[in-house]
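What follows is a single structure, written as structure tokens, with notes after it.
Numbering (mature numbering (1 follows the signal peptide of the UniProt record, and there is no 0)), first residue to last: -21 to -1, 1 to 295.
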């Protein structure tokens, strides 16, 4: 009879007698939910390990996290329940990044990555070492680096509707950048914003093929920055319909876009740079090249709107 009375009381209170009240509190304490199983976890690494070599989505509850994880296999989506309200803040794994990725693939949706610093001066929100990566509606800010990758010539990287703010430094053994892509197959950046860099380049990419489209590069509040886009090994593809403003405080203001400044590991013939708008911030009077080219290969540069002092093309 006592059991029946407890069940009736639970029903009157709108609760299930089969689900103890502790489970609700436990769910609140465990902010990572694997969508496919609906199981929740207290640590991000536990959720990643639960997916293992499979495919799954980890949903982040809105809060600030002092946590990180390493993905060594599988295909995982890291998804904010509310875009912009799940913040990975300052904690790195392996002395590298909040997310260290070397599985088959990863997708990032709506997360914020902030305040990453490590002894090697290249702390990042994401360190991609292998596999494909897709990033959307995410914000990387106030760190030594936003995204840093290794080499995967068969891999693909796509970044859409994301923002990179106050990133980069040349205080370490090498420079860190807002976005630094290794020898990948393709890099696509669309509808994204790069702003207020604190050193290095805004985009440095060794990918064989690039598409950097409909994005903005606002260097007006930059400090000791370098190129807007650096393709140091050469590349094909297109840089189109972007907006560039170069600020005053530059380590190197000699070019907005640099092609094969270090090596000629990839062909660049046919690279198209078109439909862009580029200028200096108000009050700045200097000369710079919109495209500086070390390749001596035929590239297409046309229909760009350039401000005073900008030279369309310069062979180096």
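Each residue gets a CB set at the ideal place from its N, CA and C atoms; glycine is no exception.
Model, not experiment: these values are computed from the prediction.
- Just measuring C-alpha positions, the residue of 287, 137, 81 and 150 sitting nearest residue 230 is 150.
- Taken atom to atom, the span from the alpha-carbon of residue 271 to that of residue 241 is near 12 angstroms.
- In the three-state scheme derived from DSSP, where H, G and I count as helix and E and B as strand, residue 27 is classed as helix.
- In the three-state reduction of the DSSP assignment, residue 293 falls in the strand class.
- The alpha-carbon separation between residue 58 and residue 183 amounts to approximately 26 angstroms.
- DSSP links residue 83 through a beta bridge to no other residue.
- In terms of Cβ geometry, residue 167 and residue 203 do not form a close pair [threshold 7 angstroms].
- The shortest CA-to-CA distance from residue 136 to any of 11, 226, 170 and 107 is the one to 107.
- About 6 angstroms separates the beta carbons of residue 63 and residue 89, which is inside the 8 angstroms limit, making them a contact pair.
- Residue 8 sits in a helix when the DSSP states are folded into three classes.
- Residue nearest to residue 245 within the set 185, 288 and 227 is 185 (criterion: CA-CA distance).
- Using a Cβ distance threshold of 7 angstroms, residue 133 and residue 109 do not count as a contacting pair.
- DSSP, read as helix, strand or coil, puts residue 278 in coil.
- Under the DSSP assignment, residue 247 falls outside any beta strand (DSSP E); it carries neither an H nor an E label.
- Burial check for residue 10: the Cβ neighbour count within 10 Å reaches 16 or more, so the residue is buried.
- The alpha-carbon of residue 222 is positioned some 11 angstroms away from that of residue 171.
- If you ignore the 5 residues before and after residue 199, its C-beta comes within less than 7 angstroms of the C-beta of 224, 226 and 260, all in its own chain and listed in chain order.
- The Cβ atoms of residue 115 and residue 95 do not sit closer than 7 angstroms to each other.
- Annotation note: the region 99 to 153 contains the following uninterrupted beta strand (DSSP E) runs of length 3 or greater, listed N- to C-terminal: 103 to 107, 111 to 115, 118 to 122, 124 to 128, 131 to 139 and 142 to 146.
- When 52, 154, 30 and 78 are compared, the shortest CA-CA separation from residue 119 is found for 78.
- In terms of Cα proximity to residue 206, the closest of 216, 162, 154 and 249 is 154.
- Per DSSP, reduced to three states, the secondary structure at residue 60 is coil, with no helix or strand assignment.
- In the three-state scheme derived from DSSP, where H, G and I count as helix and E and B as strand, residue 235 is classed as strand.
- Looking at the DSSP output, residue 185 sits in no beta bridge, so it has no partner there.
- Residue environment analysis places residue 117 among the buried positions, since at least 16 neighbouring C-beta atoms fall within 10 angstroms of its C-beta.
- Cβ-Cβ separation between residue 13 and residue 29: approximately 6 angstroms, consistent with a contact (criterion under 8 angstroms).
- Between the alpha carbons of residue 81 and residue 210 lies a distance of about 24 angstroms.
- Using a Cβ distance threshold of 7 angstroms, residue 237 and residue 289 do not count as a contacting pair.
- In this structure residue 43 is exposed. Its beta-carbon is surrounded by fewer than 16 other beta-carbon atoms within 10 angstroms.
- Counting C-beta atoms within 10 angstroms of its own C-beta, residue 97 has 16 or more neighbours from the protein chains shown and is therefore classed as buried.
- Residue 70 is a Cβ neighbour of residue 45, given a cutoff of 7 angstroms.
- For secondary structure counted as the beta strand (DSSP E) over 3 or more consecutive residues, the region 169 to 223 holds these complete runs in sequence order: 172 to 174, 182 to 184, 188 to 192, 195 to 197, 208 to 210 and 215 to 219.
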